[in-house]
Amino acid sequence: MNFSWLAEGLLQYLILVFAITVHEWAHAWCANRCGDPTARHLGRMTLNPIAHMDLIGTVLLPLFSIFMPGGVALLGWGKPVPVRPDNFRHPTRDDVLVSLAGPLSNVVTTVVALGLTRVLLLVPGELARNSIDYFLYPLAGLSFFLAFFNLLPMPPLDGSHLLRAALNYDARQVFDRIAGFGFVILIVLINTPVWGMFSHVIGYSYGLLQLLFGLG
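This is the structure:
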């Protein structure tokens, strides 16, 4: 089965949209479980990708990254899930749980995709092989990367909530003041050697996970 360049690009895009959808749904589901129904009332506690799509982060930027001649690093995000911490039963703890729910959902997606890959390797035929090569393996790798990328401790990523929860009052005030520049700081970081080190660590960790499934 030979995929054209366009078909492969669109499939890569759909995999990204799926991973983002699962991530945002997990935030909404966890927030609802912790006492804040805001996202549920706004229709965000769903696996319908349309509810989580951001024009720039889920449509324009990913498609540009995929189809740009010469190749550009794939980058994308979903529409932030609305959360009202004052509805939480335990505000600090629940904010951390909701923040962790997104990355954890991507780890679960990775594990499920690798488990299905292991099973399909026992199934003869081109359909099984194409399912692995064009969907399961790319989904596992991308989901694993998204999980740990989102744990970086800087706004607007989920990891920033974990760092903020660990700070004292004065440090939180400083953190909140620089939060508005978080995206700029993130873009700068991506273009430094630190990003290469981070990517290497993620790649090594993913390789170890593959070995656990006998896929190395």
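The opening position of the sequence shown corresponds to residue 0 in numbering that gives the first Met the number 0, with each subsequent residue numbered one higher.
Ideal Cβ placement from N, Cα and C applies to all residues, glycine included.
None of these values were measured; they are calculated from a predicted model.
Pair every Cβ in the stretch 129–136 with every Cβ in the stretch 83–98, then say whether three or more of these pairs are closer than 8 angstroms.
no
What residue from Tyr136, Val118, Leu121, Leu185 has the CA that sits closest to Leu150's CA?
Out of Tyr136, Val118, Leu121, Leu185, Leu185 has the C-alpha closest to the C-alpha of Leu150.
Indicate whether the contact test is met: 3 or more Cβ pairs, each with one atom in the stretch 134–141 and one in the stretch 110–125, closer than 8 angstroms.
yes
Thinking C-beta only, is Pro102 closer than 7 angstroms to Asp169?
No, the pair does not count as a contact, with Cβ atoms beyond the cut-off.
In the DSSP assignment, find the alpha helix (DSSP H) that holds Met196 and state where it starts and stops.
192–211
Between Leu208, Val80, Met196, which has its C-alpha nearest His51's C-alpha?
Val80
Under 7 angstroms between the Cβ atoms of Pro48 and Leu15?
no
Taking its Cβ as the centre, do 16 or more other Cβ atoms sit within 10 Å of Asp94, making it buried, or is it exposed?
buried
Quick one: what's got a C-beta closer than 6 angstroms to Thr37's C-beta in the same chain, skipping five residues either side?
Pro81, Arg83
From the DSSP output, in three-state form, read off Val122 for me.
coil
From this set, Lys78, Asn167, Cys33, which residue's C-alpha is nearest Gly42's C-alpha?
Relative to the Cα of Gly42, the nearest Cα in the group Lys78, Asn167, Cys33 belongs to Lys78.
Would Ile189 pass as a contact of Phe147 if the rule is Cβ separation under 7 angstroms?
no
Close-in-space but distant-in-sequence residues of the same chain around Tyr205 (CB under 7 angstroms, 5 per side omitted):
Gly140, Phe143
Please give me, in chain order, every unbroken run of the alpha helix (DSSP H) with length at least 4 that falls completely inside the stretch 53–86.
60–66
Are the CB atoms of Pro155 and Gly181 nearer to each other than 7 angstroms?
Yes.
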